[in-house]
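> Counting with the working numbering, you get residues 31 to 281 for the letters of the sequence shown.
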Amino acid sequence: MCGITAYVGSGDVSDIVLELLIELQHRGQESAGIALVTYQGHMNVIRGRGLVFDVLTPDTLERLKSVDNIFAGIGHVRYSTSGGFLDSVPQPFIVGDGFKIAIAFNGTIANYVQLAKSLGLRRALNDTHVLAETIYRLAKEHHRDVVEALRELSNYVIGSYSIVVLTTEPRLVIARDPRGFRPLAYVFNDALYVASETAAISIVTGNVGREVDPGEIISFDGFSLERSRVKGSVIPTPCIFEYVYFARPDT
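Here you go:
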């Protein structure tokens, strides 16, 4: 289980992503991180092991804010439900050269070892690393189109994912797997707020969040919000533990 957040809009992007993460601290205490992208496509990330306030200190946030013209940010907190604490690599995770993507995801990719072999990865750090590489390579096959990559993703991965993806275009893309196993919500009111739980969005914005539908993909470039769907069937089967164990009672 993890918590993921994202924000595109005016104001201090890193502070808003941080506020959303704080409201999701219950979803993960092992690691935390934030990635930002500028309008010019420059990416910066701060991540590490520990609670949100342990990792994202005033000093580290100042380093993030030292870059001007920030377009968007994503955030992540982690709690291990597979693998182990010592094996974990904090998110967000950045891959690419020139054209880059940063991802934060909540879920589990059961076939990541097989995917790593098919991608020719010599060393797969974890399922997040393999998922990021899979999305990146699919996007490059479609002229850097991350939306098209996410439409095809369920044809390659076995498992669950709710995901936020930053690109160097710049653009923010969010998606939920065809089963909707892990939660994801958003509010759009000139700015786009994204979080694993509606409660975080309500507290930060004062507005009620809308759940991303199973199999739905939402893309925002700062001008227009576009919706798409995965290729293939959608069979909603959300995780029951989200309702009785993981999520806040006010979600």
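Positions of the beta carbon are idealized from the N, C-alpha and C atoms, including for glycine.
Are the Cβ atoms of A65 and P122 separated by less than 8 Å?
yes
> Assuming S96 contacts V177 under a Cβ cut-off of 8 Å, what Cβ separation, rounded to an integer in Å, is found between them?
Not quite, the Cβ-Cβ distance comes to about 31 Å (not below 8 Å), so this is no contact.
> From G39 to R174, what does the alpha carbon distance come to, in whole angstroms?
23 Å
> Looking at C-beta atoms only, is the number of pairs between the region 196-206 and the region 127-144 that lie closer than 8 Å three or more?
yes
> Evaluate H106 with the Cβ neighbour count: other Cβ atoms within 10 Å of its Cβ, from every protein chain shown; 16 or more gives buried, anything less gives exposed.
buried
> Going by DSSP in three states, I248 sits in which element: helix, strand or coil?
strand
> Rounded to whole angstroms, what is the Cα-Cα separation between F115 and G78?
Only weak support exists for where F115 lies, its pLDDT of 45 falling under 50; the coordinates are left without a value.
> Using the DSSP secondary-structure output, state which residues sit across from T138 in a beta bridge.
S190
> Would the beta-carbon of D280 fall within 8 Å of that of A229?
yes
> May I ask which residues mark the beginning and end of the beta strand (DSSP E) holding G106?
Strictly speaking, residue 106 in this sequence is His, with Gly absent from that position. Start and end: I100 to R108.
> Here's the rule I'm using: 16 or more other beta-carbon atoms within 10 Å means buried, otherwise exposed. How should S190 be labelled?
buried
> Can you tell me whether DSSP reads F218 as helix, strand or coil?
In this structure, F218 counts as strand in the three-state DSSP scheme.
> Closest to N219 by CA distance: which of G236, S61, P266 and P208 is it?
G236
> If you draw a straight line from the C-alpha of S254 to the C-alpha of R201, how long is it?
11 Å
> Any idea if E163 is buried or exposed, counting beta-carbon neighbours within 10 angstroms, 16 or more meaning buried?
buried
> Does the distance from the C-beta atom of V67 to that of A102 stay below 8 Å?
yes
> How is the beta strand (DSSP E) around Y37 delimited, first residue to last?
Boundaries of the beta strand (DSSP E) harbouring Y37: C32 to V38, taken from the DSSP string.
> What is the DSSP secondary structure of D211, counted as helix, strand or coil?
What sits at residue 211 in the sequence shown is Phe, not Asp. It is coil, neither helix nor strand.
> Which residues share a DSSP beta bridge with Q202?
The residue asked about is misnamed: residue 202 is Leu in this sequence, not Gln. L196 and F250, per the DSSP bridge assignment.
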